[in-house]
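Novice: One rule links them: number in my numbering = place in the sequence shown (from 1) + 108.
Sharing a structure with you now.
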Amino acid sequence: MGLATGSSPIRVYEELVRMHKEEGLSFQNVVTFNLDEYLPMEKSNIQSYHYFMHEHLFNHIDIDPENVHIPDGMVPSEDTVAYCLDYERKIKEYGGLDFQLLGIGRTGHIGFNEPGSHYNSGTRVITLDHITRVDAAPSFLGIANVPRKAITMGIATVRKAKRIVLLGWGENKAEIIKKTIEGEISSHVPATYLQNHSNCTFILDTGAASELTKNKTPWLVDACEWTEELKAKAIIRLCEETGKTVLSLTDKDYNDNGMADLLSNEDSYDLNIQIFNKLQHTITGWPGGKPNADDTYRPERAEPIKKRVIIFSPHPDDDVISMGGTFDRLVEQGHEVHIVYQTSEI
Ligand code: F6R
Numbered sequence: 109m110g111l112a113t114g115s116s117p118i119r120v121y122e123e124l125v126r127m128h129k130e131e132g133l134s135f136q137n138v139v140t141f142n143l144d145e146y147l148p149m150e151k152s153n154i155q156s157y158h159y160f161m162h163e164h165l166f167n168h169i170d171i172d173p174e175n176v177h178i179p180d181g182m183v184p185s186e187d188t189v190a191y192c193l194d195y196e197r198k199i200k201e202y203g204g205l206d207f208q209l210l211g212i213g214r215t216g217h218i219g220f221n222e223p224g225s226h227y228n229s230g231t232r233v234i235t236l237d238h239i240t241r242v243d244a245a246p247s248f249l250g251i252a253n254v255p256r257k258a259i260t261m262g263i264a265t266v267r268k269a270k271r272i273v274l275l276g277w278g279e280n281k282a283e284i285i286k287k288t289i290e291g292e293i294s295s296h297v298p299a300t301y302l303q304n305h306s307n308c309t310f311i312l313d314t315g316a317a318s319e320l321t322k323n324k325t326p327w328l329v330d331a332c333e334w335t336e337e338l339k340a341k342a343i344i345r346l347c348e349e350t351g352k353t354v355l356s357l358t359d360k361d362y363n364d365n366g367m368a369d370l371l372s373n374e375d376s377y378d379l380n381i382q383i384f385n386k387l388q389h390t391i392t393g394w395p396g397g398k399p400n401a402d403d404t405y406r407p408e409r410a411e412p413i414k415k416r417v418i419i420f421s422p423h424p425d426d427d428v429i430s431m432g433g434t435f436d437r438l439v440e441q442g443h444e445v446h447i448v449y450q451t452s453e454i
């Protein structure tokens with residue numbers, strides 16, 4: 109098995125440990141090869157992938173330590189070439205990887221195969237991309253402490269695995285997941301090399317899959333069921349794309365933008381009005397609800413009149429910059445308003 113570190117596979121390791129402890133799953137006959145390790149990096153360092161793998165998996169299962177392979181982050185620089193060739197040779201000696209688990213970095217790296225990595229690359233020393241170092245900075249307490257180099261299996265090493273599963277969680281992976289799955293195969297996004305692997309699966313949550321065409325604009329790829337929500341989403345997007353206001357969209361705009369089937373039951377005039385009204389009903393001078401008013405089409409309930417409001421502000425100025433007026437109104441209209449600021453010490 110080829111194994112990855114990072115946040116993506118943690119739950120998989122948790123489950124494997126559970127299966128070992130509760131269901132008797134044994135790893136006695138399993139041989140593992142980890143994708144990568146920082147360079148230089150002591151095994152005992154808590155930031156090392158060696159430490160990570162033992163902490164999350166190897167210390168809790170019955171794997172034979174002889175069968176565990178993790179690139180050594182302390183190989184002297186004059187020995188790295190021989191060391192990397194030997195790592196490849198060992199994988200080959202065991203008959204290659206049956207299964208490779210992957211995460212993906214925001215640069216499109218798999219393992220530490222950063223942009224520019226060659227399709228035929230093998231295990232080698234690479235220089236980490238700046239974005240990768242930025243992403244690793246919090247766990248190293250600052251970017252200055254993040255190593256600049258790493259040893260990684262190559263693209264070819266990974267692609268030779270008989271089965272590959274890539275895990276992607278969260279919206280901050282959405283953009284790179286879209287490029288990886290829908291973009292052109294290129295060394296600029298090394299993970300695109302997985303597109304033509306014959307047995308590769310991506311397992312994504314809704315956040316990571318949110319930029320994919322089939323989720324973002326499903327009407328462009330398939331016949332779809334036009335729920336009210338989807339209709340609104342598609343028409344608002346059409347406004348953005350054409351630069352037009354909702355009431356000025358024409359049949360031609362709908363047709364030219366892959367939304368012809370929306371017009372099969374209704375004409376553009378009616379659709380435009382429906383969405384216009386929907387948007388209109390989100391606008392109010394009473395963000396906390398209007399006392400004693402009919403609230404059927406208002407965005408907030410009339411009762412109770414006084415509400416408790418929490419505003420979450422990722423940075424200590426987002427509240428004022430993006431919703432200062434609403435904030436002011438809520439206070440002015442007598443609601444109890446609290447703000448949560450998220451700050452970082454790093
Ligand atoms: C880790 C590895 C990397 C990570 C990737 C995503 O061994 O090779 O490719 O899989 O950087 O990291 P997380 O899962 O922390 O988002």
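Ideal placement from N, C-alpha and C gives every residue a C-beta, glycine not left out.
Nothing here was measured: the structure is a model prediction, and the numbers come from that model.
Hey, quick one: how far does the alpha helix (DSSP H) through alanine 317 stretch, first residue to last?
Specialist: One-based indexing of the sequence shown puts residue 317 at position 209. Where alanine 317 is concerned, there is no enclosing alpha helix (DSSP H), given that its DSSP letter is neither H nor E.
Novice: So within the segment 193-231, which uninterrupted beta strand (DSSP E) runs reach at least 3 residues, ignoring any that extend past its ends?
Specialist: 207-210
Novice: Using the Cα positions of proline 148 and glycine 181, report the straight-line distance between them to the nearest angstrom.
Specialist: As a working note, residue 148 is residue 40 in the sequence shown. As a working note, residue 181 is residue 73 in the sequence shown. C-alpha separation (whole angstroms): 5 Å.
Novice: Our contact map puts isoleucine 251 next to valine 242 with C-beta atoms below 8 Å; I'd like the distance itself, whole angstroms only.
Specialist: Sequence index remark: in the sequence shown, residue 251 carries index 143 (1-based). Sequence index remark: in the sequence shown, residue 242 carries index 134 (1-based). At roughly 6 Å, the Cβ-Cβ gap stays under 8 Å, so isoleucine 251 and valine 242 are in contact.
Novice: Going by the CB atoms, is the gap between histidine 305 and isoleucine 272 shorter than 8 Å?
Specialist: Position 164 of the sequence shown, counted from the start, is the residue given in the question as residue 272. Position 197 of the sequence shown, counted from the start, is the residue given in the question as residue 305. Cβ atoms of isoleucine 272 and histidine 305: closer than 8 Å.
Novice: Return helix, strand or coil for alanine 258, following the three-state DSSP convention.
Specialist: The residue you call residue 258 lines up with position 150 of the sequence shown. Reduced to three states, the DSSP call for alanine 258 is strand.
Novice: What does the Cβ neighbour count give for aspartate 194, buried or exposed, with the cut at 16 atoms within 10 Å?
Specialist: The sequence position of residue 194 within the sequence shown is 86, counting from 1. Burial call: exposed.
Novice: Can you tell me the Cα-Cα spacing of threonine 358 and glutamate 337, whole angstroms?
Specialist: For the purposes of this step, residue 358 is taken as the residue at position 250 of the sequence shown. For the purposes of this step, residue 337 is taken as the residue at position 229 of the sequence shown. If you take the alpha carbons of threonine 358 and glutamate 337, they lie about 20 Å apart.
Novice: Pick helix, strand or coil for isoleucine 419, following the three-state DSSP scheme.
Specialist: For the purposes of this step, residue 419 is identified with residue 311 of the sequence shown, where counting begins at 1. It is a strand residue.
Novice: Alpha helix (DSSP H) containing arginine 119: first to last residue?
Specialist: In the sequence shown, residue 119 corresponds to position 11, counting from 1. Segment 118-131, the alpha helix (DSSP H) holding arginine 119.
Novice: Please work out which residues of its chain come closer than 7 Å, Cβ to Cβ, to lysine 286, disregarding the five sequence neighbours upstream and downstream, and give them in chain order.
Specialist: In the sequence shown, the residue the question calls residue 286 occupies position 178. Answer for lysine 286: Glu319 and Leu320, listed in chain order.
Novice: Quick one: residues with CB closer than 5 Å to any heavy atom of the ligand F6R, in chain order, please.
Specialist: Ala112, Thr113, Gly114, Ser115, Ser116, Leu143, Asp144, Gly211, Gly213 and Gly219
Novice: Below 8 Å on the Cβ atoms is my guess for aspartate 427 versus isoleucine 419; work out the distance and round it to an integer in Å.
Specialist: Locating residue 427 in the sequence shown gives position 319, counting from the first residue. Locating residue 419 in the sequence shown gives position 311, counting from the first residue. Right, the Cβ-Cβ distance comes to about 5 Å (below 8 Å), so this counts as a contact.
Novice: Between asparagine 221 and lysine 270, is the Cβ-Cβ spacing less than 8 Å?
Specialist: Locating residue 221 in the sequence shown gives position 113, counting from the first residue. Locating residue 270 in the sequence shown gives position 162, counting from the first residue. Not in contact: asparagine 221 and lysine 270 (Cβ atoms no closer than 8 Å).
Novice: If you drop the 5 nearest sequence neighbours on each side, which residues of the same chain put their C-beta closer than 6 Å to that of glutamate 210?
Specialist: Stepping through the sequence shown from its first residue, residue 210 is reached at position 102. Sequence inspection shows leucine at residue 210; the glutamate mentioned does not correspond to that position. So the list reads Ala112, Ile218 and Leu274, once near-sequence residues are dropped.
Novice: What are the start and end residues of each continuous alpha helix (DSSP H) run of 4 or more residues lying completely inside the segment 127-189, in chain order?
Specialist: 157-164
Novice: Using a Cβ cut-off of 8 Å (strictly closer), state whether isoleucine 239 contacts chain D.
Specialist: You won't find chain D in this structure, because it holds only one protein chain.
Novice: Between which two residues does the alpha helix (DSSP H) harbouring tyrosine 377 extend?
Specialist: Looking up residue 377 in the sequence shown gives position 269. Residues 376-388.
Novice: Compare the Cα-Cα distances from asparagine 400 to each of Lys360, Ile154 and Glu411 and report the closest residue.
Specialist: The count along the sequence shown starts at 1 and reaches residue 400 at position 292. Answer by Cα proximity: Glu411.
Novice: Of all the options Thr231, Asp172 and Gly204, which has the alpha carbon lying nearest to the alpha carbon of tyrosine 191?
Specialist: The count along the sequence shown starts at 1 and reaches residue 191 at position 83. Checked all of Thr231, Asp172 and Gly204; the closest Cα to tyrosine 191 is Thr231.
Novice: Along the chain, where does the alpha helix (DSSP H) that runs through isoleucine 289 open and close?
Specialist: Taking the sequence shown and counting its residues from 1, the one referred to as residue 289 is at position 181. That run of the alpha helix (DSSP H) goes 282-290.
Novice: Considering only the alpha carbon of each residue, which of Ile169, Gln155, Lys151 and Glu283 lies closest to leucine 124?
Specialist: Looking up residue 124 in the sequence shown gives position 16. Taking only the C-alpha atoms, the option nearest leucine 124 is Ile169.
Novice: Less than 8 Å between the C-beta atoms of tryptophan 277 and serine 116, yes or no?
Specialist: Position 169 of the sequence shown, counting from 1, holds the residue named residue 277. Position 8 of the sequence shown, counting from 1, holds the residue named residue 116. Yes, these two residues count as a Cβ contact at 8 Å.
Novice: Helix, strand or coil: which one does DSSP assign to cysteine 347?
Specialist: Here residue 347 corresponds to residue number 239 of the sequence shown, with the count starting at 1. Reduced to three states, the DSSP call for cysteine 347 is helix.
Novice: Check the DSSP bridge columns for cysteine 308 and list the partner residues they point to.
Specialist: For the purposes of this step, residue 308 is taken as residue 200 along the sequence shown, with counting starting at 1. Cysteine 308 is bridged to Ile272.
Novice: Less than 8 Å separating the beta-carbons of proline 173 and proline 223?
Specialist: For this step, residue 173 is matched to residue 65 along the sequence shown. For this step, residue 223 is matched to residue 115 along the sequence shown. No, they are not a contact pair.
Novice: Near tyrosine 121, which residues of its chain fall below 6 Å by C-beta distance, leaving aside the five closest residues on each side in sequence?
Specialist: Taking the first residue of the sequence shown as 1, we reach residue 121 at position 13. Only His164 and Leu165 meet the Cβ criterion.
Novice: Which whole-angstrom value describes the C-beta separation of methionine 261 and aspartate 403, a residue pair presumed to lie in contact below a C-beta threshold of 8 Å?
Specialist: In the sequence shown, counting from the first residue as 1, residue 261 sits at position 153. In the sequence shown, counting from the first residue as 1, residue 403 sits at position 295. The pair is not a contact, with the Cβ atoms about 59 Å apart (cut-off 8 Å).
Novice: From proline 184 to serine 295, what does the alpha carbon distance come to, in whole angstroms?
Specialist: Here residue 184 refers to the residue found at position 76 when the sequence shown is read from its first residue. Here residue 295 refers to the residue found at position 187 when the sequence shown is read from its first residue. Answer to the nearest angstrom: the Cα atoms are 29 Å apart.
Novice: According to DSSP, is threonine 235 part of a helix, a strand, or is it coil?
Specialist: Along the sequence shown, one-based indexing puts residue 235 at 127. Strand at threonine 235.
Novice: Is the beta carbon of alanine 340 sitting closer than 8 Å to the one on lysine 415?
Specialist: In the sequence shown, residue 340 corresponds to position 232, counting from 1. In the sequence shown, residue 415 corresponds to position 307, counting from 1. Taking C-beta atoms as the reference points, alanine 340 and lysine 415 fail to come closer than 8 Å.
Novice: Over what stretch of residues does the alpha helix (DSSP H) that includes tyrosine 362 continue unbroken?
Specialist: Here the question's residue 362 lines up with position 254 in the sequence shown. Counted as a single uninterrupted DSSP element, the alpha helix (DSSP H) harbouring tyrosine 362 occupies residues 359-364.
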